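Enquirer:
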Amino acid sequence: MQMKTASVAVVSASVGLSIHKGKTKVLKFKAENSNPITLDGETLENVESFTYLGSIIDEQGGSDADVKARIGKARVAFLQLKNIWNSKQLSTNIKYKYL
């Protein structure tokens, strides 16, 4: 992984791009090698999980954390509409429009 990181940095630099070391994180998935990944002599931060395109990716590769997060978001959204669902002043047709 260290060699791939270094080669990406070299190719990026050759076309005028630079890798921001402070923003770059490392997530090792089923990695046997526990050596830290460095870029220009600086060790990149290891993380246990991160969010990519709305999905949570973790070290175990499972979807448990992602499913829990999505259920939590759905619960919050539903609870925000609780007053509307329980309202006796709004007709059923208006309530369906909120679905």
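Per the numbering used here, the sequence shown starts with residue 232, numbered consecutively. Idealized CB from N, CA, C, for every residue including glycine. Predicted model, so just to flag it, every value in this text is computed and none were measured.
#1: What's the gap between the Cα of residue 272 and the Cα of residue 233?
#2: On a Cα-Cα basis, can you pick out the residue from 291, 256, 245 that is closest to residue 276?
#3: On the premise that residue 270 lies in contact with residue 250, defined as a C-beta separation below 8 Å, what is that separation, rounded to the nearest angstrom?
#4: Just how far apart, CA to CA, sit residue 274 and residue 329?
#5: What residues match up with residue 270 in a beta bridge as DSSP calls it?
Expert: Taking the coordinates as given:
#1: 11 Å
#2: 256
#3: 6 Å
#4: If you draw a straight line from the Cα of residue 274 to the Cα of residue 329, it is about 49 Å long.
#5: 273
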